[in-house]
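In the UniProt record's numbering, the protein residues as written are 1 to 370.
Yeah, the Cβ is synthetic: ideal placement off N, Cα and C, and Gly gets one too.
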């Protein structure tokens with residue numbers, strides 16, 4: 001869609017975890033996507049520490065906002081509406097963004113919308129970035145099945161409408177996929193973030209450069225038995241806790257062996273990665289089969305995993321399903337995705353959020369506007 005001056009100019013704020021994001025869009029055109037990450041501050045803890053993340057948001061917000069406005073070439077007076085993530089996410093981190101957004105709304109008189117983080121990931125696919133980063137597919141078409149995978153979320157959604165038609169089909173009952181990568185990386189002696197480091201290990205990057213064998217260790221596939229798949233409550237659900245425990249046992253078993261008989265780190269990492277990817281892909285395609293929807297959107301930080309992208313691309317092609325993966329900069333948490341969602345909400349004529357709206361760390365995905 002070609003942007004016109006009649007399309008709303010939206011500023012989006014995202015602080016649900018460890019990225020401070022401010023994005024600006026006009027209609028479907030991305031004007032700025034500025035992100036400050038506190039990831040390096042969490043490395044020594046092996047994962048995100050909520051208090052550290054909240055403090056980092058406080059420190060990063062003002063410069064991130066200034067940079068986004070400069071990049072877009074606009075001022076706060078030009079903005080038509082403000083949007084901010086109200087959930088789900090870390091409560092303290094969310095409160096920083098919502099408090100900042102309320103301050104901006106009070107100072108400028110602009111309408112403010114508290115929005116759903118997960119719906120924002122879907123809306124990111126509607127942005128016209130004119131970027132060569134984009135993977136197969138060209139723009140979001142509905143209905144679609146969305147697979148959202150990150151350190152805090154693993155969900156399969158059925159999307160018939162961005163504002164009023166998001167249905168949760170299944171989610172994780174314990175660890176999110178990204179969280180499982182982080183915890184298993186620690187078991188393997190790898191640094192946070194776990195996903196990229198396990199992928200590097202699987203490629204042989206910490207060994208001899210020879211890629212690992214994804215069949216070397218027989219890791220379990222959670223909730224994939226015939227009984228699980230017959231159960232409506234578990235058919236699209238995920239569980240990675242058992243896989244994490246199996247990884248711990250595998251590591252302990254290897255340590256008990258003479259060094260010359262141990263399985264390579266690359267083989268363990270590749271086998272673990274394959275177990276996660278296999279379940280994500282198989283359950284997503286199952287959702288397509290059951291709903292008759294032949295489109296898939298992949299989003300969230302774990303969308304950067306090359307094995308997931310490759311396997312999902314191949315399986316979708318085999319099944320005649322179109323796959324859309326936004327640029328990686330729009331898959332990880334960012335303010336542009338919230339601005340993109342806000343643009344749809346504003347055009348739809350939805351009322352701004354009440355001045356006293358709060359944050360909800362477990363906000364349900366079907367509540368797009370709080």
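Q) Where does the unbroken beta strand (DSSP E) through residue 20 begin, and where does it stop? A) 19-26
Q | DSSP beta-bridge partners of residue 158 | A | 145, 167
Q: Under 8 Å by Cβ, that's how I've got residue 61 and residue 184 pegged, so tell me the actual separation to the nearest angstrom.
A: That pair is no contact at about 33 Å.
Q: Using the Cα positions of residue 369 and residue 101, report the straight-line distance between them to the nearest angstrom.
A: 15 Å
**Q.** Anticipated Cβ contact below 8 Å, residue 115 with residue 82, distance rounded
**A.** No, residue 115 and residue 82 are not in contact; Cβ-Cβ is about 10 Å, not under 8 Å.
Q | C-alpha distance - residue 201 paired with residue 207, whole-angstrom precision | A | Between residue 201 and residue 207, the C-alpha separation is close to 7 Å.
(Q) Given a cut-off of 8 Å on the beta-carbon distance, is the pair residue 326 and residue 125 in contact? (A) yes
Q. At a cut of 8 Å, does the region 12-28 reach the region 47-59 through at least three beta carbon pairs?
A. The region 12-28, when compared against the region 47-59, does touch it at the 8 Å Cβ threshold.
(Q) According to DSSP, residue 13 sits in a beta bridge with which residue or residues? (A) According to the DSSP secondary-structure assignment, residue 13 is paired through a beta bridge with 22, 84.
**Q.** Cross-strand partners of residue 295 (DSSP beta bridge)
**A.** Residue pairing for residue 295: DSSP places it in a beta bridge opposite 322.
**Q.** Same chain, Cβ closer than 7 Å to residue 280, five either side skipped, listed in chain order
**A.** 147, 149, 177, 308
Q: Could you tell me if residue 223 is buried or exposed, where buried requires 16 or more neighbouring beta carbons within 10 angstroms of its beta carbon?
A: Answer is buried; the Cβ neighbour count reaches 16.
(Q) Which residue marks the beginning of the beta strand (DSSP E) containing residue 58, and which one marks its end? (A) Note, residue 58: premise wrong, no beta strand (DSSP E); alpha helix (DSSP H) at 50-72.
Q) Can you list, in chain order, the residues of its chain whose CB lies under 8 Å from that of residue 220, leaving out five sequence neighbours each side? A) 242, 243, 246, 275
Q: Give the single residue among 151, 52, 33, 209 whose Cα lies nearest to the Cα of residue 302.
A: 151
**Q.** CA nearest to the CA of residue 123, picked from 165, 94, 40
**A.** 165
(Q) In the DSSP output, which residue or residues are listed as bridge partners for residue 37? (A) 19
Q) Comparing alpha-carbon positions, which option in 285, 162, 142, 360 lies nearest residue 344? A) 162
**Q.** Straight-line Cα distance separating residue 143 from residue 333
**A.** 23 Å
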